[in-house]
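Engineer: For reference, the structure I am asking about is given below.
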Amino acid sequence: MARHPDEIARAHVADLLLDLGARAAGCWWIAGTMLEQVAFVAGPTLPKEVVQGFAEATRSVPLTQTGLGIVRTAVEGTVTVSRTMELPADSGSGYWLRAFGVERSVAVPLHDSHGALKAVVSVALPEDPRDDQAVADRMLETARMWGWLV
Numbered sequence: 005m006a007r008h009p010d011e012i013a014r015a016h017v018a019d020l021l022l023d024l025g026a027r028a029a030g031c032w033w034i035a036g037t038m039l040e041q042v043a044f045v046a047g048p049t050l051p052k053e054v055v056q057g058f059a060e061a062t063r064s065v066p067l068t069q070t071g072l073g074i075v076r077t078a079v080e081g082t083v084t085v086s087r088t089m090e091l092p093a094d095s096g097s098g099y100w101l102r103a104f105g106v107e108r109s110v111a112v113p114l115h116d117s118h119g120a121l122k123a124v125v126s127v128a129l130p131e132d133p134r135d136d137q138a139v140a141d142r143m144l145e146t147a148r149m150w151g152w153l154v
């Protein structure tokens with residue numbers, strides 16, 4: 005029996021989470037003036053209330069909410085690295101990175117075969133020796149194999 009597209013997207017995001025050793029990973033479509041969550045996967049160490057809170061808060065996000073790295077990536081079309089210690093603790097990415105107990109997040113824009121920006125994929129990483137570009141390159145390499153996305 006064929007799997008539902010949402011299940012396939014979730015499986016791909018889960019694979020990315022495992023591949024990069026992330027605490028959380030997600031993918032969002034760009035839909036007009038909104039980001040719409042396609043899949044969000046959390047690692048087993050994240051508290052249930054944090055997982056539920058983030059999933060709900062990012063289910064549908066206006067592109068005006070630039071305190072989130074995923075939104076900045078969607079708006080600017082470039083990789084966004086959000087570092088916990090450089091962000092305010094009470095809102096946006098700074099709040100969620102602290103809730104996840106991670107050092108940084110990396111959000112990458114995904115383009116279709118015509119170069120149009122279509123989606124954003126993001127991972128939340130604990131302390132990790134890889135530089136930002138190496139992480140972003142790996143994310144793009146992985147996402148290119150997702151035929152349903154790019």
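Residues 5 to 154 in our numbering are what the sequence shown lists, from first letter to last.
Where is the CB? At the ideal position from N, CA and C, for every residue including glycine.
Please classify H118: does DSSP put it in a helix, a strand, or coil?
Structural biologist: Annotated three-state conformation of H118 is coil, per DSSP.
Engineer: Which full runs of the beta strand (DSSP E) of 3+ residues lie inside the region 77-116, going along the chain?
Structural biologist: 84-87 and 108-115
Engineer: First and last residue of the beta strand (DSSP E) that includes A28?
Structural biologist: A28 to A35
Engineer: Among all the DSSP beta bridges, which residues are the ones paired with P66?
Structural biologist: M38
Engineer: Quick one: what does DSSP say L50 is sitting in, helix, strand or coil?
Structural biologist: Coil.
Engineer: Taking the alpha-carbon of G105 as reference, which of M89, L91 and P130 has the nearest alpha-carbon?
Structural biologist: P130
Engineer: Mind checking which residues open and close the alpha helix (DSSP H) that includes E145?
Structural biologist: Start and end: D136 to R148.
Engineer: Can you look up L72 in the DSSP assignment and give me helix, strand or coil?
Structural biologist: coil
Engineer: Does DSSP put H16 in a helix, in a strand, or in coil?
Structural biologist: helix
Engineer: What's the gap between the Cα of R27 and the Cα of L101?
Structural biologist: 10 Å
Engineer: Is the separation between the beta-carbon of A18 and that of V42 shorter than 8 Å?
Structural biologist: The answer is no: Cβ separation not under 8 Å.
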